[in-house]
Amino acid sequence: MQNSQKLAYLSFDIIFDYKSYLFCIARSFLCNENIRLENKERINYENLNLIQIFRKINDQYLQQKGDLQIIKDQYNKYIQTVKPQIGAIDLIQILQKQNYSIVVGIEDYQELTEHMEQIKNLNRDWLKDVQFSREQKMDLVQNILKQQFNLIISGDQQFLNDINSNLIKESDKNHQNKLLYIKNSNFHQKSELKPDNIFNEFGQNTLATDLIENIDFCQLFDDNSFKYEFPQKEYFLQLKQIPTNQSFLGFKSATKLDQPIEIQGPVIKGFGKAGTELGIFTANIDINKQKIQNLIKNLPTGVYSGFVKSPYFQGKAENQHNMFACLIFIGNSQYFEDAKKQLEVYIYHDFDEQFYGEELEVSIQYFQRCDADFKDFGNIYNNKYVLIKYQKYLDHLIKTIHNDVWQGKQLMQEKIEINV
Numbered sequence: 026m027q028n029s030q031k032l033a034y035l036s037f038d039i040i041f042d043y044k045s046y047l048f049c050i051a052r053s054f055l056c057n058e059n060i061r062l063e064n065k066e067r068i069n070y071e072n073l074n075l076i077q078i079f080r081k082i083n084d085q086y087l088q089q090k091g092d093l094q095i096i097k098d099q100y101n102k103y104i105q106t107v108k109p110q111i112g113a114i115d116l117i118q119i120l121q122k123q124n125y126s127i128v129v130g131i132e133d134y135q136e137l138t139e140h141m142e143q144i145k146n147l148n149r150d151w152l153k154d155v156q157f158s159r160e161q162k163m164d165l166v167q168n169i170l171k172q173q174f175n176l177i178i179s180g181d182q183q184f185l186n187d188i189n190s191n192l193i194k195e196s197d198k199n200h201q202n203k204l205l206y207i208k209n210s211n212f213h214q215k216s217e218l219k220p221d222n223i224f225n226e227f228g229q230n231t232l233a234t235d236l237i238e239n240i241d242f243c244q245l246f247d248d249n250s251f252k253y254e255f256p257q258k259e260y261f262l263q264l265k266q267i268p269t270n271q272s273f274l275g276f277k278s279a280t281k282l283d284q285p286i287e288i289q290g291p292v293i294k295g296f297g298k299a300g301t302e303l304g305i306f307t308a309n310i311d312i313n314k315q316k317i318q319n320l321i322k323n324l325p326t327g328v329y330s331g332f333v334k335s336p337y338f339q340g341k342a343e344n345q346h347n348m349f350a351c352l353i354f355i356g357n358s359q360y361f362e363d364a365k366k367q368l369e370v371y372i373y374h375d376f377d378e379q380f381y382g383e384e385l386e387v388s389i390q391y392f393q394r395c396d397a398d399f400k401d402f403g404n405i406y407n408n409k410y411v412l413i414k415y416q417k418y419l420d421h422l423i424k425t426i427h428n429d430v431w432q433g434k435q436l437m438q439e440k441i442e443i444n445v
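Just so we're aligned: the sequence shown equals residues 26 to 445 in this note's numbering.
Laid out in structure tokens, this is it:
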């Protein structure tokens, strides 16, 4: 490892799952207008900032009658819940150990400007030595060239093309800067990444991959001896064990709701896939009643934490209120496209039997994160070829749910002790 200080630039959406957050806010905004934005529409919003998204949905769905302030208010309310990408914290730690000074850029996501310090503070355990840049893309390109960054990492192919073109002009194709393209921008698509077909006209200084874990660090650092072991891949949830992946460090912040949302309804049969195929057994609540729809209408789709009570829990709960802490999912499953809008409850207790038909009272207290994107798996378990081909993304899904469960436990542990 060299001792000299080096500079590395990383795009914000390589580090954080920001694109999923923006789409979640857009969908929630339209939900208030009784309009459903389908999961498959994500690809049409992948490179847009908040204002551009508002203009697009205002023009396409609302005939220019939408209120920009409403979507801004919702964006600002939940921004602290943006979570890191799986593998991103590992990447930062690797670069820092290689003596890189890291700058993270927000590029054209200018709505992030006023939240940068908040996000950095909430994630200070792993971002404390990382700088943030407020510059837009055009200025960033010039600054990156001026400061002679050694490494530039982005999911924006055009952004890297602009940098590479300028580098080639200035150095006659002999520049030593390394550019790394991580294809997270083309989310919710099954198209395969073919690194040899990307930037091949620029030579060996530009690398490409589809996951942080698949980066060829030996080639990136020109060091064949470099080794780093990412956490073991997870294809089935082990919820009794605390998460070992580094991204769990970024699962600490949540937004407390202004008032708890109280939902009551019977347990109904779901698809059963979450339990049998992923390892998280949930109780599905019937939310078809208009009263319940009105209660959750303004909530962004995603993961929440709270309490659940039921007479059925008498003798099972260790408190007089027959209450357990729980994790709650509201929305349309990103993993199983055949699922309708739903409310699922994962209860922090092992039950010996199913309890369909039992009435549950769910108190929704905290919003933990928006519903994220883990590629379009479709009927993954009905197609062995697809399963093998995309199980690398299943690992991200499993780790994220694992992090959700343990964050929920930590959020609700003290509250349940107070309530009992």
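Just so it is clear, CB atoms sit at the ideal spot from N, CA and C, and this is done for glycine as well. Just so we're clear, the structure is a prediction, and the values are computed from it rather than from any experiment.
With a 10 Å radius around the Cβ and a threshold of 16 neighbouring Cβ atoms, residue 84 comes out exposed. Using a Cβ distance threshold of 8 Å, residue 347 and residue 335 count as a contacting pair. For residue 192 and residue 258, the gap between their C-alpha atoms comes out near 37 Å.
When DSSP assignments are scanned along the segment 136-178, the uninterrupted stretches of alpha helix (DSSP H) that are 4 or more residues long and fall wholly within it turn out to be 141-147, 149-152 and 162-172.
Exclusion of the five residues before and after residue 73 leaves 47 and 81 as the residues of its chain whose Cβ lies within less than 8 Å of its Cβ. Under the three-state reduction of DSSP output, residue 64 falls in the helix class. By a beta-carbon distance limit of 8 Å, residue 90 does not contact residue 71. Their separation comes to about 25 Å. When the Cα atoms are used, residue 190 and residue 164 turn out to be separated by approximately 15 Å.
If you draw a 10 Å sphere on the C-beta of residue 92, you find fewer than 16 other C-beta atoms in it, and that means exposed. When beta bridges are read from the DSSP output, residue 385 appears opposite 290. Between residue 268 and residue 427, the CB-CB gap stays under 8 Å. Scanning 155, 369 and 283 for the CA closest to the CA of residue 35 turns up 155. Below 8 Å, too few C-beta pairs join the segment 311-319 and the segment 382-395 to call them touching: fewer than three. For residue 309, DSSP records a beta bridge to 293 and 369.
If you draw a 10 Å sphere on the C-beta of residue 435, you find fewer than 16 other C-beta atoms in it, and that means exposed. DSSP places residue 37 in the uninterrupted alpha helix (DSSP H) bounded by 37-40. A direct Cα-Cα distance of roughly 46 Å separates residue 208 from residue 342. Within the DSSP bridge table, the entry for residue 391 names 281 and 330 as partners.
Residue range 43-56 is occupied by the alpha helix (DSSP H) that includes residue 47.
The beta carbon of residue 352 sits closer than 7 Å to the beta carbons of 328, 330, 371, 429, 430 and 433 from its chain, once the five residues preceding and following it are set aside; these are given in chain order. Residue 276: not part of any alpha helix (DSSP H); DSSP gives it neither H nor E. Between residue 253 and residue 233, the beta carbon gap of about 19 Å keeps them out of contact (Cβ cut-off 8 Å).
Secondary structure of residue 34 (DSSP, three-state): strand.
Contact between the segment 167-187 and the segment 95-115 is absent: fewer than three C-beta pairs spanning the two stretches fall below 8 Å. The beta-carbon separation of residue 96 and residue 54, rounded to 5 Å, stays under the 8 Å limit for a contact. About 6 Å separates the CB atoms of residue 123 and residue 246; that is less than 8 Å, so the two are in contact.
If you draw a 10 Å sphere on the C-beta of residue 261, you find fewer than 16 other C-beta atoms in it, and that means exposed. Residue state for residue 231 is assigned as strand, using DSSP reduced to three classes.
The three-state reading of DSSP puts residue 130 in strand, counting E and B together. The beta carbon of residue 397 sits closer than 7 Å to the beta carbons of 42, 45, 359 and 425 from its chain, once the five residues preceding and following it are set aside; these are given in chain order. Rounded to whole angstroms, the Cβ separation of residue 204 and residue 230 is 6 Å, and the two are in contact under 8 Å. Looking only at 421, 275, 32 and 30, the smallest Cα-Cα distance to residue 237 is reached by 421. Residue range 348-356 is occupied by the beta strand (DSSP E) that includes residue 349, with no alpha helix (DSSP H) assigned at that position. Leaving aside the five residues that flank residue 78 on each side, the residues in its chain whose CB is nearer than 7 Å to its CB run, in chain order, 47, 51 and 70.
Rounded to whole angstroms, the gap between the alpha carbons of residue 266 and residue 188 is 44 Å.
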